[in-house]
Amino acid sequence: HAELSPQETFDLVKTLKQDYEVSEVEIDGQISILTRRSEPDANGNVRILPNYAAIIIAGPKQPFSEKDKFIIDQYIMYGGKVLWLIDPVLATMDSLQMNESTVGVDLPLNLDDQLFKYGIRLNKALVMDMNSASIPLRTGQISGQAQIEFFRWPYFPLLQPASSHPVVRNMNSLKADFVSPAVSVETVNVKKTPLLKTSDYSKVAGTPALISLAMLRENPDPRQYTSGSQNVAWLLEGEFESLFANRIPPEIADSKEIGFQEHSKKTAMIVVADGDIARNQFHVPQGYPLPLGFDQYTRRTYGNKDFMLNAISYLADETQLVSIRSRELKNRMLDPAKLKDNTIFWQILNIGLPLVFIAITGLTLIVVRRRKYAHKSSTRFQPHEK
């Protein structure tokens, strides 16, 4: 389904292999690719078990067939865990390499009904955020040298923990690429916990969405970013109902060979409305994969890798690894609206305050030195009493 390539997930897979057996699986309509049948017991009963503790569906770009959806669904019904990294909107920076603008359009993956059945709706929209990562742009040329400046790109929100759940507790901000809103829908016997969100200064743009670098020529207006914080990742835990309940013929539903299940055992899944959150950058110009979460342009490391490792560890019931990775310190985001409104104040504070401190320190040293030498002079020239 045109998921992220092995090169794009190189660093994540390399890190996961330190604790897990990792393999790439192509479903391709194979009924038993995600589950296995046990040997018959004394009564001739056969158990169906997941082949994998968890699977990652990372940024697919092509639609899923009903058969592949059925295979994933039954894997879940038998206790399998899934980390869904899904883009409901197709938008990439590659489209902006040659042109100043592009259009974000709906990405038809044929997964909407399945995720909705489990309890999540991914909206066909893009979230723009004033709290965003910066991108480098060429702004001119001087003496044959390209002039590069950095601009905050609202389509790359810096995601924050949406709860105190161990998967995201004390986590640094994550860098998202063209993320969409993820909305909880009512389901029975499923507990939902928000994991990641955008800032309060967010704006939701429906599709088709015009995406243009021209917007960077002007400062963002906080009055336009009034959609509020948007949840973009959820943890779902409980007993799920099959997407195919009451939808398949009885001869298939009752077949022991297929072993169709209408309701799952207690299991879990995580849904993220960004297929690129697990994608590492490649070094420019040498082309080798960089650590997941590291931005080579700003030299900043985001929490993408920690989130992915925690998510997999939690789904695989390795909660001790999640606890180890939880840190007590994290980067705190500045309020972009207040920062914009008080730019002059902060500039004066950051530049002027150190100068004032230096001046006071210098005056203090001068006064102390004068008093010291004045005292020595008065002692040195004091006449002796006869």
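Taking the numbering used here, the leading residue of the sequence shown gets 1356, the next gets one more, and so forth. We put the beta carbon where it would ideally sit given N, CA and C, even for glycine.
| Query | Result |
| --- | --- |
| Which listed residue (Glu1673, Ile1427 and Asp1484) has its alpha carbon closest to that of Val1380 | Ile1427 |
| Sequence-distant residues of the same chain with beta carbon closer than 8 Å to Ala1409, five excluded per side | Gly1435, Lys1436, Val1437, Leu1438, Ile1667, Leu1670 and Ala1671 |
| Cα-Cα separation, Thr1630 to Asp1442 | Correcting the residue type first, residue 1630 is Gly in the shown sequence and not Thr. Going by the C-alpha atoms only, they are around 5 Å apart. |
| Sequence-distant residues of the same chain with beta carbon closer than 6 Å to Ile1412, five excluded per side | Trp1439 |
| Straight-line Cα distance separating Ile1613 from Gln1362 | 35 Å |
| Boundaries of the beta strand (DSSP E) in which Ile1427 is found, first to last residue | Unbroken run through Ile1427 is the alpha helix (DSSP H), Glu1421 to Met1432; no beta strand (DSSP E). |
| Reference Arg1507; option with closest CA among Ile1490, Tyr1580, Gln1515 and Leu1568 | Ile1490 |
| Environment of Thr1553 [buried if 16+ CB atoms lie within 10 Å] | buried |
| Distance, Val1444 Cα to Pro1418 Cα | 13 Å |
| Beta-carbon spacing of Leu1742, Val1626 below 8 Å | Only positions 1356 to 1741 of the chain appear in this structure, which leaves residue 1742 out of reach. |
| Thr1494 to Gln1500 span [Cα, whole Å] | 11 Å |
| Segments assigned alpha helix (DSSP H), at least 4 residues, entirely inside the segment 1554-1628 | 1605-1608 |
| Selected residue, minimal CA-CA separation from Asn1486, among His1520, Leu1464, Ser1584 and Gly1414 | Ser1584 |
| Integer Cβ distance of Asn1478 from Val1545, believed to fall under 8 Å | Not confirmed; about 19 Å, so no contact. |
| Sequence-distant residues of the same chain with beta carbon closer than 7 Å to Leu1466, five excluded per side | Phe1419 and Ile1441 |
| Sheet register partners of Arg1655 (DSSP bridge) | Asp1650 |
| Glu1683 - DSSP class collapsed to helix/strand/coil | Residue placement at Glu1683 is flagged as unreliable, the pLDDT there being 42, under the threshold of 50; a coordinate-derived value is accordingly withheld. |
| Neighbour-count burial assignment, Arg1634, 16 or more Cβ in a 10 Å radius | buried |
| Contacting residues, own chain, Cβ-Cβ under 7 Å from Pro1316 (five flanking each side not counted) | Limits of the chain in this structure are 1356 at one end and 1741 at the other, which puts residue 1316 out of reach. |
| Beta-carbon gap between Leu1464 and Gly1414 smaller than 8 Å | no |
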